[in-house]
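A.B. asks: Numbering-wise, this note's numbering comes out as the position in the sequence shown, counting from 1, plus 16.
Before we start, here is the structure in question, set down as structure tokens.
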Amino acid sequence: MAGIQPEVWPTPEERKQAEEQLLQPKEGFFHCAIAGLAGSGKSSLINAFRGLRNGSKSSLVAPTGVTETTVQITAYPDPATEPPRNRFVWYDVPGAGTINIKGWQYFNSQGLFVFDLIIVVVDNRFSEQDLIILQHCERYKIPSFIVRSKANQNIINTMNQDFDWEGSDDERDFNEIYLSAREKVVSQTRANYRENLREGGLDPSKPVYIVSCDALVALVQGEMKKLKKANQLIDEPQMVLKCLEAVKARMS
Ligand SMILES: Nc1nc2c(ncn2[C@@H]2O[C@H](COP(=O)(O)OP(=O)(O)OP(=O)(O)O)[C@@H](O)[C@H]2O)c(=O)[nH]1
Ligand SMILES: [Mg+2]
Numbered sequence: 017m018a019g020i021q022p023e024v025w026p027t028p029e030e031r032k033q034a035e036e037q038l039l040q041p042k043e044g045f046f047h048c049a050i051a052g053l054a055g056s057g058k059s060s061l062i063n064a065f066r067g068l069r070n071g072s073k074s075s076l077v078a079p080t081g082v083t084e085t086t087v088q089i090t091a092y093p094d095p096a097t098e099p100p101r102n103r104f105v106w107y108d109v110p111g112a113g114t115i116n117i118k119g120w121q122y123f124n125s126q127g128l129f130v131f132d133l134i135i136v137v138v139d140n141r142f143s144e145q146d147l148i149i150l151q152h153c154e155r156y157k158i159p160s161f162i163v164r165s166k167a168n169q170n171i172i173n174t175m176n177q178d179f180d181w182e183g184s185d186d187e188r189d190f191n192e193i194y195l196s197a198r199e200k201v202v203s204q205t206r207a208n209y210r211e212n213l214r215e216g217g218l219d220p221s222k223p224v225y226i227v228s229c230d231a232l233v234a235l236v237q238g239e240m241k242k243l244k245k246a247n248q249l250i251d252e253p254q255m256v257l258k259c260l261e262a263v264k265a266r267m268s
């Protein structure tokens, strides 16, 4: 893995330039970048944090899907009208493989040091780029979260693959199998990421938030009744709380 170059820090001019270029609007806002590999679910997560569903007709929605790869850092102000949510600006950060910069240069060349919070959306395992971003966050003392999205998809896949689930119409069967599959996905994901973090030289106890965009949208919109079962929530409430705590800490 390409190592971190500890002597490389942005000059005050470079910092100013990156702030000018990336942050919009600037003063009094909380700038939260969402990074991760192509297809990990970054744009969907940004929509969900802003209470928007993928494919909604709103002009505010970030494009998602296999052909909608984000190629440059794009700002999405939160459409909320009440503080603190209306102070959030979400940034969609293109992943490695999307742009042609590898290794330790990625963080500085993309100007990621200007953000107040960086969320890394990981797929099945951490990529080299994910680890580099997390290492740099520690170095720059930028709060960082790890998110594993698409939990609902994982749970359904696990129901189909590992449990004797053949689309039974009996709702009790569905609930029981759903809960078992969910438990399996959550425990395996946590164990897997602990190991990945250890291998990457990071704190293995760093939390990983396991979420689904559907559940997050419902939570943000305050429409929990739309989630047929409360057990569709996993780490979404905790993740939102941590974001709000990070804003408070940064702005105080
Ligand atoms: N079931 C399910 N699918 C999701 C979820 N989040 C994202 N997806 C799907 O995963 C695919 C990729 O999501 P995007 O949000 O476009 O991923 P991205 O990381 O922005 O991708 P790039 O911009 O190409 O780097 C899309 O088809 C989404 O609908 C989720 O929580 N649940
Ligand atoms: Mg995207």
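All C-beta atoms, glycine included, are put in the ideal place defined by N, C-alpha and C.
1. Any idea what DSSP makes of R141, helix, strand or coil?
2. Between the beta-carbon of S165 and the beta-carbon of L150, is there less than 8 Å?
3. Do L232 and E252 have their beta-carbon atoms positioned less than 8 Å apart in this structure?
4. Suppose you measure from the CA of G67 to the CA of V236; what does that come to, to the nearest Å?
5. Would you mind stating whether I89 and D108 have Cβ atoms separated by less than 8 Å?
6. Taking the alpha-carbon positions, what's the A49 to I193 distance?
7. Rounded to the nearest angstrom, how far is the Cβ of H152 from that of L133, given a contact under 8 Å?
8. Any heavy atom of ligand 1 within a distance shorter than 7 Å of the CB on N140?
9. Compare the Cα-Cα distances from N124 to each of I226, L249, K32 and report the closest residue.
10. So V137 and M255 are supposed to be a Cβ contact under 8 Å. How far apart are they, rounded?
11. DSSP on Y46, reduced to helix/strand/coil?
12. Who are the near neighbours of P93 in its chain, counting only those whose CB is closer than 7 Å to its CB and skipping five residues on each side?
13. Should T80 be counted as a contact of ligand 1 given a C-beta to heavy atom distance under 7 Å?
14. Does the beta-carbon distance from I62 to A51 come in below 8 Å?
15. Between which two residues does the beta strand (DSSP E) holding V1 run?
16. Look at the alpha carbon of N140 and the alpha carbon of A265, and state the distance between them as a whole number of angstroms.
17. Which one of I226, A96, N176, N212 has the shortest CA to CA distance from F142?
18. Where do the ends of the alpha helix (DSSP H) carrying P100 lie?
C.D. replies: Working from what's here:
1. coil
2. no
3. yes
4. 5 Å
5. Going by beta carbons, I89 and D108 fall inside the 8 Å limit.
6. 36 Å
7. Going by Cβ atoms, the distance from H152 to L133 rounds to 14 Å, so no, they are not a contact pair.
8. no
9. K32
10. 11 Å between Cβ atoms; not a contact.
11. A small fix is needed here, since residue 46 is Phe in this sequence, not Tyr. Note: F46 maps to strand in three-state DSSP.
12. V105
13. Yes, ligand 1 has a heavy atom inside 7 Å of this Cβ.
14. no
15. With the chain running from 17 to 268 in the structure shown, residue 1 is simply not present.
16. 31 Å
17. N212
18. Neither: P100 is in no alpha helix (DSSP H) and is coded neither H nor E.
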